[in-house]
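Down below is the structure, laid out as structure tokens.
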Amino acid sequence: MSAAQYLELYQSLTEVLPGQNMPWLSEIRQQAREKFAGGGFPTPREEEWKYTNVTALEKKLFKTSAEPGEEAVGPWLDDFYLADAWTVVLMDGFFSPGLSRLDGLPGNVIACGMTDALKHHPGRVKTLLGSALGLEAHGFIAFNTAFFSDGAFVEIPTGVSLSRPLQILHVSTRPEGLANTRSLVGLAANAGVRLVETYAGAQQAYLTAAVTEIKLAENAGLDHYKWQVESDQAHHFGGIYVSQERSSRFNQHNFCLGGLLARTEIHTELADGAECDMNGLFLGLGRQHVDNHTRIHHREPNGISRETYRGILADRARGVFQGRIVVHPNAQKTNAEMNSHNLLLSDDAEIDAKPQLEILADDVKCSHGLAVGQLDEESVFFLQSRGVGHETARNMLTFAFAQAMVEKIGLESLRFLVQERLLNRFPQSGIRRDWL
Amino acid sequence: MSAAEQTIEKLISQEYKQGFVTDLESDTLPPGLNEEVIRIISAKKDEPEWMLQWRLEAYRHWLTMTEPRWAYVDYPPIAYDAISYYSAPKAKEGPKKLNEVDPKLLETYNKLGIPLYEQERLAGVAVDAVFDSVSVATTFKDKLAEAGVIFCSMSEAIRHHPELVRQYLGSVVPAGDNFFAALNSAVFSDGSFVYIPKGVRCPMELSTYFRINAAKTGQFERTLIIAEERSYVSYLEGCTAPMRDENQLHAAVVELVALEGAQIKYSTVQNWYPGDEDGRGGIYNFVTKRGDCRGAHSKISWTQVETGSAITWKYPSCLLRGDHSIGEFYSVALTNHRQQADTGTKMIHIGKNTKSTIISKGISAGRANNSYRGLVKVLKSAENARNHTQCDSLLIGDRCGAHTFPYIEVKQASARIEHEATTSKIGEDQLFFCRQRGLSAEDAVSMIVNGFCKEVFKELPMEFAVEAQALLGISLEGSVG
Numbered sequence: 147m148s149a150a151q152y153l154e155l156y157q158s159l160t161e162v163l164p165g166q167n168m169p170w171l172s173e174i175r176q177q178a179r180e181k182f183a184g185g186g187f188p189t190p191r192e193e194e195w196k197y198t199n200v201t202a203l204e205k206k207l208f209k210t211s212a213e214p215g216e217e218a219v220g221p222w223l224d225d226f227y228l229a230d231a232w233t234v235v236l237m238d239g240f241f242s243p244g245l246s247r248l249d250g251l252p253g254n255v256i257a258c259g260m261t262d263a264l265k266h267h268p269g270r271v272k273t274l275l276g277s278a279l280g281l282e283a284h285g286f287i288a289f290n291t292a293f294f295s296d297g298a299f300v301e302i303p304t305g306v307s308l309s310r311p312l313q314i315l316h317v318s319t320r321p322e323g324l325a326n327t328r329s330l331v332g333l334a335a336n337a338g339v340r341l342v343e344t345y346a347g348a349q350q351a352y353l354t355a356a357v358t359e360i361k362l363a364e365n366a367g368l369d370h371y372k373w374q375v376e377s378d379q380a381h382h383f384g385g386i387y388v389s390q391e392r393s394s395r396f397n398q399h400n401f402c403l404g405g406l407l408a409r410t411e412i413h414t415e416l417a418d419g420a421e422c423d424m425n426g427l428f429l430g431l432g433r434q435h436v437d438n439h440t441r442i443h444h445r446e447p448n449g450i451s452r453e454t455y456r457g458i459l460a461d462r463a464r465g466v467f468q469g470r471i472v473v474h475p476n477a478q479k480t481n482a483e484m485n486s487h488n489l490l491l492s493d494d495a496e497i498d499a500k501p502q503l504e505i506l507a508d509d510v511k512c513s514h515g516l517a518v519g520q521l522d523e524e525s526v527f528f529l530q531s532r533g534v535g536h537e538t539a540r541n542m543l544t545f546a547f548a549q550a551m552v553e554k555i556g557l558e559s560l561r562f563l564v565q566e567r568l569l570n571r572f573p574q575s576g577i578r579r580d581w582l
Numbered sequence: 030m031s032a033a034e035q036t037i038e039k040l041i042s043q044e045y046k047q048g049f050v051t052d053l054e055s056d057t058l059p060p061g062l063n064e065e066v067i068r069i070i071s072a073k074k075d076e077p078e079w080m081l082q083w084r085l086e087a088y089r090h091w092l093t094m095t096e097p098r099w100a101y102v103d104y105p106p107i108a109y110d111a112i113s114y115y116s117a118p119k120a121k122e123g124p125k126k127l128n129e130v131d132p133k134l135l136e137t138y139n140k141l142g143i144p145l146y147e148q149e150r151l152a153g154v155a156v157d158a159v160f161d162s163v164s165v166a167t168t169f170k171d172k173l174a175e176a177g178v179i180f181c182s183m184s185e186a187i188r189h190h191p192e193l194v195r196q197y198l199g200s201v202v203p204a205g206d207n208f209f210a211a212l213n214s215a216v217f218s219d220g221s222f223v224y225i226p227k228g229v230r231c232p233m234e235l236s237t238y239f240r241i242n243a244a245k246t247g248q249f250e251r252t253l254i255i256a257e258e259r260s261y262v263s264y265l266e267g268c269t270a271p272m273r274d275e276n277q278l279h280a281a282v283v284e285l286v287a288l289e290g291a292q293i294k295y296s297t298v299q300n301w302y303p304g305d306e307d308g309r310g311g312i313y314n315f316v317t318k319r320g321d322c323r324g325a326h327s328k329i330s331w332t333q334v335e336t337g338s339a340i341t342w343k344y345p346s347c348l349l350r351g352d353h354s355i356g357e358f359y360s361v362a363l364t365n366h367r368q369q370a371d372t373g374t375k376m377i378h379i380g381k382n383t384k385s386t387i388i389s390k391g392i393s394a395g396r397a398n399n400s401y402r403g404l405v406k407v408l409k410s411a412e413n414a415r416n417h418t419q420c421d422s423l424l425i426g427d428r429c430g431a432h433t434f435p436y437i438e439v440k441q442a443s444a445r446i447e448h449e450a451t452t453s454k455i456g457e458d459q460l461f462f463c464r465q466r467g468l469s470a471e472d473a474v475s476m477i478v479n480g481f482c483k484e485v486f487k488e489l490p491m492e493f494a495v496e497a498q499a500l501l502g503i504s505l506e507g508s509v510g
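Here the protein sequences line up with chains A and B, keeping their order.
Its first residue numbered 147, the first sequence is counted upward by one per residue in this note's numbering.
Its first residue numbered 30, the second sequence is counted upward by one per residue in this note's numbering.
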């Protein structure tokens with residue numbers, strides 16, 4: 147579907163989009179609509195979209211509905227709940243109170259749907275919305291801003307550290323459906339939380355367009371996990387935009403296992419002494435296209451960032467890693483490090499990488515490393531010589547390569563789920579699980 | 030004496046050494062570009078009809094193109110109509126001997142330190158000196174002719190070896206390859222042509238000194254080097270330009286063709302006028318350089334030391350088509366004051382077992398911006414392709430920038446690609462260590478910078494290496510202390 151068709155589709159829905167009665171929000175939406183009308187979805191002509199072509203989207207007609215549905219969801223959904231977490235469920239683009247599990251959430255913590263938040267805390271939404279998004283936003287973000295139907299709203303007050311993790315579970319159930327959500331997460335000074343964003347859906351084609359804006363106040367600490375296990379036919383665009391104030395910590399883990407075409411963007415801006423860790427694992431099988439795009443802006447001195455990404459591409463899959471570190475002119479004493487390791491398992495698979503450094507301050511230590519290679523034949527041989535079949539040996543080594551990233555997950559309940567999913571991506575792998 | 034032994038203090042006091050304008054009657058076309066201008070250029074050079082058509086085609090294509098703006102450089106729009114596209118030193122009778130050459134010209138060369146007179150006695154180096162656009166003197170022809178090597182100006186080659194030129198010209202960098210290459214194809218004035226026959230190892234290092242002279246004249250050089258099977262050639266290119274205030278456009282094209290088992294080593298020291306401290310003047314250097322490893326086991330090696338030019342836009346590349354072919358790129362790019370450089374390479378792996386190495390050292394000082402931009406592409410056919418890339422940047426001063434934009438595209442599972450990049454300033458501890466052992470701060474910086482570039486300098490032919498180290502010191506003037 148072209149941009150014009152989407153504009154037309156939403157023409158009839160404008161009135162039901164949340165916040166239409168709020169002039170400040172309608173104005174933001176109007177601006178975004180104009181931007182989207184002018185430029186449409188990004189094209190490979192844009193440098194940041196060089197390797198990902200979303201024109202395939204135009205062949206399909208993804209539709210959003212006017213109101214939240216409470217259709218019965220299969221038992222498959224249970225697999226995605228984190229046992230020990232409070233969960234906000236966004237179903238087909240709308241907050242679902244029925245499916246959400248929020249019992250026992252401390253009273254001073256807000257975790258609700260965006261429509262509700264606009265009703266009860268409009269001032270807070272106004273401060274957070276757009277606070278972490280740069281001006282260089284592209285067509286997908288404009289599309290999201292103009293037409294988001296709902297989202298999650300999370301706010302942790304000063305000094306509060308949540309004992310249990312918080313989960314935002316994005317679910318798609320409608321065939322050819324479109325879930326367009328904007329979520330806002332605000333951590334006040336000294337607050338801390340472990341936040342898991344899960345993307346899942348029924349085995350069919352649909353489009354997820356989700357934008358999460360996160361604001362970390364002074365000395366706040368966020369462990370953020372993105373666990374993307376969309377259906378194999380799904381199109382996924384997920385952007386996470388973070389603004390980090392002084393001495394805040396953003397610890398991100400990104401697992402991209404699903405989707406036919408999946409693009410993840412994680413951008414963060416660091417103030418004085420802020421710290422950021424980005425860990426990523428992407429796995430492409432079949433004809434999957436997995437694009438991970440990260441950007442770290444060191445705006446002020448003394449920032450630290452560490453980034454490690456691993457990619458596995460098999461069959462006819464295509465993987466993209468774009469990492470960019472920008473050190474702004476007065477961001478002295480910055481320490482930035484980026485690493486990307488990629489495993490190519492098939493001659494039909496492809497990896498395109500663009501690790502970039504833009505340094506405008508001199509007293510810095512910045513580096514990036516990137517490697518593309520294959521399984522070490524000697525290791526395969528070693529395992530074979532111990533009686534492990536060739537295929538199993540290769541699977542074990544591939545799994546071990548991925549597991550290094552899984553092991554970094556501090557949240558045990560999630561680690562287990564991710565590991566299971568990962569193992570299931572290697573059917574008939576023959577990998578014994580009892581020692582894991 | 031190497032730069033390592035010189036003090037930066039001394040260098041700071043130096044003016045741009047090569048800055049002077051030779052007053053010489055030029056045969057210059059009025060500014061502007063149209064088909065008529067191209068016809069005049071072609072006619073002045075007695076070119077055959079096919080050459081003129083080739084130029085016209087390139088020009089027509091150029092008209093449809095837009096200037097690339099993706100590089101990390103910033104400059105005001107270029108008025109292509111304000112440039113004169115042809116300038117030749119006043120032609121009398123073609124000089125046959127060195128002593129027939131215009132004495133003023135020789136004086137210029139002497140000021141530059143090119144001992145043209147002594148060339149014949151200085152064994153080993155033949156100079157095809159290009160003064161502005163027309164070759165005026167070529168030495169060592171005889172010795173090269175004996176080996177069967179053709180080393181002449183492009184215009185001569187078009188006249189005397191049209192079949193070779195026609196076969197290879199534009200075969201590596203097509204006329205419409207990019208904006209600047211198309212412009213060059215349309216208006217190129219002259220350049221060097223080298224042909225090494227089968228199995229011949231070129232008996233000496235070939236060298237061309239380019240000079241930009243007449244004011245407001247863009248220089249459009251076209252170089253073509255063909256190395257036949259199992260041959261070897263080492264080619265040196267060095268550049269200096271007089272000091273002046275107006276920006277000058279330079280859009281050169283270099284094409285290298287290496288057939289089976291051939292090796293080409295192409296070394297450049299580029300020291301054009303970089304503009305003054307506030308960024309006034311200086312050369313715009315938009316160069317397209319590409320080598321084609323056509324045959325199996327061929328090798329092309331680019332080594333460059335880029336210290337000059339206000340703006341550098343240059344990506345010497347290798348097409349690794351032959352199986353087992355090798356591409357190399359060694360680069361030192363130094364920017365100071367308000368210089369901007371966006372340089373790097375492209376390594377396109379097509380053949381099996383192809384290898385490439387990229388070593389890039391960027392040094393940025395003052396308010397300069399220095400970018401490495403490179404592409405390593407492994408096609409599906411390139412089994413066992415191997416690449417190693419190392420890009421290091423050194424920052425001197427807190428207002429400069431160093432950037433790295435590598436692109437890696439791999440479609441072959443047996444490929445092994447490594448890329449590493451680091452950015453840092455000169456370590457306080459390194460400086461302290463040197464000071465502790467009695468070196469002055471300036472000496473210490475000079476030593477560390479030279480050490481930083483050592484990996485690249487060792488790839489340069491000896492005379493060039495010495496010159497390069499000295500240049501580095503001169504270019505850093507005013508940035509340390």
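Beta carbons: idealized from backbone N, C-alpha and C, even for Gly.
In summary, residue 207 of chain A is exposed, with fewer than 16 beta-carbon neighbours lying within 10 Å of its beta-carbon over all protein chains present. Straight through space, the alpha carbons of residue 311 of chain A and residue 243 of chain A are spaced by roughly 18 Å. Chain-order list of chain B residues neighbouring residue 513 of chain A: 449, 450, 451, 452, by C-beta distance under 8 Å. Looking at the DSSP output, residue 451 of chain B shares a beta bridge with A:513, B:421. Assignment of residue 242 of chain A by DSSP, reduced to helix, strand and coil, places it in the coil class. DSSP, read as helix, strand or coil, puts residue 331 of chain B in strand. Comparing alpha carbon positions, the residue from B:471, B:326, B:114 closest to residue 63 of chain B is B:114.
For the C-beta of residue 358 of chain B, not a single chain A residue is nearer than 7 Å; the gap to the nearest is close to 17 Å.
When beta bridges are read from the DSSP output, residue 385 of chain A appears opposite A:357, A:411. Judged by pairs of C-beta atoms under 8 Å, the segment 79–94 of chain B touches the segment 197–211 of chain B, as three or more such pairs exist. In terms of beta-carbon proximity, residue 433 of chain B lines the interface with chain A, with at least one pair separated by less than 8 Å. Our two residues, residue 320 of chain A and residue 347 of chain A, have alpha carbons roughly 9 Å apart in a direct line.
Bridge pairing for residue 363 of chain A: absent [DSSP]. Taking the beta carbon of residue 319 of chain B as reference, no residue of chain A falls within 7 Å; the closest one sits roughly 21 Å away.
Taking a cut-off of 8 Å on C-beta distances, the segment 411–425 of chain B touches the segment 386–399 of chain B, as three or more cross pairs fall below it. Contact check between the segment 257–268 of chain B and the segment 226–233 of chain B: three or more CB pairs, one atom from each, fall below 8 Å, which counts as touching. With respect to chain B, the C-beta atom of residue 479 of chain A has no partner C-beta closer than 8 Å. Residue environment analysis places residue 268 of chain A among the exposed positions, since fewer than 16 neighbouring C-beta atoms fall within 10 angstroms of its C-beta. At a cut-off of 8 Å between beta-carbon atoms, residue 500 of chain A makes contact with chain B. Scanning chain B for C-beta atoms nearer than 9 Å to the C-beta of residue 492 of chain A yields 442, reported in chain order. Between residue 249 of chain B and residue 204 of chain B, the C-beta gap is not smaller than 8 Å, which leaves the two residues out of contact. Spanning the alpha carbons of residue 483 of chain A and residue 530 of chain A requires a straight line of approximately 36 Å.
For the alpha helix (DSSP H) assignment, the uninterrupted runs of no fewer than 4 residues enclosed by the segment 445–489 of chain B are, from N- to C-terminal side, 457–465, 470–486. Sequence-distant Cβ neighbours of residue 331 of chain A in its own chain, meaning closer than 6 Å and more than five residues away, are 300, 360.
Among the residues facing chain B, residue 334 of chain A is not included, as its CB has no counterpart in that chain under 8 Å away. Residue 436 of chain B is positioned such that its CB atom lies closer than 8 Å to that of residue 403 of chain B.
Taking a 10 Å sphere around the C-beta of residue 345 of chain B, we find 16 or more other C-beta atoms and assign the residue as buried.
Following the DSSP letters along the chain, one finds residue 286 of chain B inside the beta strand (DSSP E) bounded by residues 282–287. Within chain A, the residues 490, 496, 497, 518 have their CB atoms less than 7 Å from the CB of residue 439 of chain B, given in chain order.
Cβ-Cβ distances below 8 Å link residue 497 of chain A to 457, 459, 464, 465, 466, 467, 488, 490, 518 in the same chain, with the five nearest sequence neighbours on each side left out; the list follows chain order. Remark: C-beta atoms of residue 296 of chain B and residue 266 of chain B approach each other more closely than 8 Å. If you look at residue 478 of chain A, you'll find it isn't in any beta strand (DSSP E); DSSP assigns it neither H nor E. Residues of chain A whose Cβ lies closer than 9 Å to the Cβ of residue 445 of chain B are, in chain order, 517, 518, 519, 520. Contact of residue 436 of chain A with chain B is not assigned, every C-beta pair being separated by 8 Å or more.
The C-beta of residue 502 of chain A has 16 or more other C-beta atoms within 10 Å across all chains shown, which makes the residue buried.
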